[in-house]
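Visitor: Encoded as structure tokens, here's the structure I'll be asking about.
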């Protein structure tokens, strides 16, 4: 396989339906580590609420139990909302449009909306000089929507020197695979010179909003290259908001900043009504990826509190 610059070409987009599965050893490890994770000092205060929600969920008739509250209460700064195992594409899109996302290690699916969201205008993304050099040297081949399932499975695998616990369960992977087939979820893949998948990321899009889910890296800086490609394309396609859930120092290094929940939720209706980049995503060869993202002109009709106008 060869690509235009003479290196290895990336595989063609995946067409075979994957089988997402975890064996009993993996499941028991997730349950055990998930229980210990819930007992951490920063999270143990939520346990009584989680137990009550879970009991209420199983006592509620099946046709009604998976509806999240129309007027939610947010529990703790992490923003626990409720429990719903409905991960169908319509439910997934409707809940994300309300600013909710699913994260769960044990039991029925929990939904969250933290009091601060990690957000970024992709035009303001930071790219290190080292990542620019890697892009200019064509050390990697980068694709989009070529191996969505492979990226999710890689994101779910244990990370070196980290607790082998993941929220990306087969249930989550099946849900996002369905969203991918429906055109709402997208992936970025990074391949080495031998054609091995060494980095990538995936997320969900609604209108001009990108909701990042997870990323992985098997070699140094591979996920940073994926991030650079993603943000450069999002900026060129007119996307105005990237959401990465909970704020971390790692996200801050890419230019993400915390946004209060109320402000974040007020922006979603504005940006979700605008059409996004339709169809399967592909790398645009006309973009100079070694340059930073360039923002289009401000939208005069945007709300005053939009990230682009604040910046």
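Numbering (the numbering used here), first residue to last: 11 to 321. Virtual Cβ for every residue (Gly too), placed ideally from N, Cα, C.
Under a three-way DSSP split, which group does residue 112 fall into?
Guide: The answer is strand: DSSP assigns residue 112 an E or B state.
Visitor: Going by DSSP, what residue range makes up the alpha helix (DSSP H) through residue 165?
Guide: Taken as a continuous stretch (DSSP letters only), the alpha helix (DSSP H) holding residue 165 covers 158–166.
Visitor: Please classify residue 143: is it buried, with 16 or more other beta-carbons within 10 angstroms of its beta-carbon, or exposed?
Guide: Exposed is the call here.
Visitor: Just to confirm, are residue 207 and residue 106 a CB contact at a threshold of 8 Å?
Guide: No.
Visitor: Pick out the complete alpha helix (DSSP H) segments inside the segment 43–83, 4 residues or longer, and give them in chain order.
Guide: Counting whole runs of 4 or more residues, the segment 43–83 contains the alpha helix (DSSP H) stretches 57–69, 72–75.
Visitor: If I follow the unbroken alpha helix (DSSP H) through residue 183, where does it start and stop?
Guide: Looking at the DSSP string, the run of the alpha helix (DSSP H) that includes residue 183 is 180–191.
Visitor: I'd like the list of long-range same chain contacts for residue 101, defined as Cβ closer than 8 Å, with 5 residues on each side in sequence excluded.
Guide: Hits under 8 Å: 76, 94.
Visitor: As an exercise, report each continuous alpha helix (DSSP H) stretch of at least 4 residues that is fully enclosed by the segment 196–273, in chain order.
Guide: Qualifying alpha helix (DSSP H) stretches, in chain order: 232–246, 259–262.
Visitor: Tell me whether residue 112 is buried or exposed, calling it buried when 16 or more other Cβ atoms sit within 10 Å of its Cβ.
Guide: It counts as buried.
Visitor: Could you give the distance in angstroms between the alpha-carbon of residue 267 and the alpha-carbon of residue 252?
Guide: If I take the Cα positions, the gap works out to 11 Å.
Visitor: What's the C-alpha gap between residue 69 and residue 222?
Guide: Cα-Cα distance, rounded: 33 Å.
Visitor: Counting pairs of beta carbons, one from the segment 231–241 and one from the segment 168–187, are three or more of them closer than 8 Å?
Guide: No contact exists between the segment 231–241 and the segment 168–187.
Visitor: Are the beta-carbon atoms of residue 197 and residue 220 separated by less than 8 Å?
Guide: Going by C-beta atoms, residue 197 is not nearer than 8 Å to residue 220.
Visitor: So what does DSSP say about residue 35, is it helix, strand or coil?
Guide: Correct three-state label for residue 35: helix.
Visitor: Using 10 angstroms around the beta-carbon of residue 61, count the other beta-carbons present and answer buried if the total reaches 16, otherwise exposed.
Guide: So residue 61 counts as exposed.
Visitor: Using three-state DSSP, classify residue 143 as helix, strand or coil.
Guide: If DSSP states are grouped into helix, strand and coil, residue 143 belongs with the helices.
Visitor: Which two residues bound the contiguous beta strand (DSSP E) that contains residue 154?
Guide: First-last of the beta strand (DSSP E) with residue 154: 151–154.
Visitor: Span of the beta strand (DSSP E) holding residue 102?
Guide: Looking at the DSSP string, residue 102 is not in any beta strand (DSSP E); the run it does join, the alpha helix (DSSP H), is 99–107.
Visitor: Nearest to residue 124 by alpha carbon, out of 169, 79, 270, 238?
Guide: Residue 124 has its Cα closest to that of 270, out of 169, 79, 270, 238.
Visitor: What would DSSP say about residue 275, mapped onto helix, strand or coil?
Guide: Helix at residue 275.
Visitor: Is it buried or exposed for residue 192, if we count other Cβ within 10 angstroms and need 16 for buried?
Guide: Flag for residue 192 reads exposed.
Visitor: Quick one: what's got a C-beta closer than 7 Å to residue 141's C-beta in the same chain, skipping five residues either side?
Guide: Result list for residue 141: 231, 234, 235, 238, in chain order.
Visitor: How long is the line joining the alpha carbons of residue 260 and residue 78, rounded to whole angstroms?
Guide: Computed Cα separation, rounded: 31 Å.
Visitor: Around the Cβ of residue 241, are there at least 16 other Cβ atoms within 10 angstroms (buried) or fewer (exposed)?
Guide: With 16 or more other Cβ atoms within 10 Å, it is buried.
Visitor: Does the beta-carbon distance from residue 187 to residue 58 come in below 8 Å?
Guide: Taking 8 Å as the Cβ cut-off, residue 187 and residue 58 do not qualify as a contacting pair.
Visitor: Do residue 297 and residue 243 come within 8 Å of each other at the CB atom, strictly closer than that value?
Guide: Taking 8 Å as the Cβ cut-off, residue 243 and residue 297 qualify as a contacting pair.
Visitor: Taking 8 Å as the cut-off, decide whether the C-beta atoms of residue 284 and residue 218 are in contact.
Guide: Yes, the pair counts as a contact, with Cβ atoms nearer than the cut-off.
Visitor: Please name the residue or residues paired with residue 121 in a DSSP beta bridge.
Guide: BP columns for residue 121 point to 92, 112.
Visitor: What three-state label does DSSP hand residue 194 in the structure shown?
Guide: In the structure shown, residue 194 sits in coil (DSSP, three-state: anything other than H, G, I, E or B).
Visitor: Apart from the five residues on each side of it in sequence, which residues of its chain come closer than 6 Å, Cβ to Cβ, to residue 265?
Guide: Around residue 265: 130, 134, 135, 136.
Visitor: Classify residue 29 as helix, strand or coil using the three-state DSSP reduction.
Guide: Note: residue 29 maps to coil in three-state DSSP.
Visitor: Rank 149, 108, 200 by C-alpha distance to the C-alpha of residue 164 and give the top, closest one.
Guide: Closest by alpha carbon: 200.
Visitor: Quick check: the Cα distance between residue 254 and residue 127, rounded to an integer number of angstroms?
Guide: Distance between the alpha carbons of residue 254 and residue 127 is about 7 Å.
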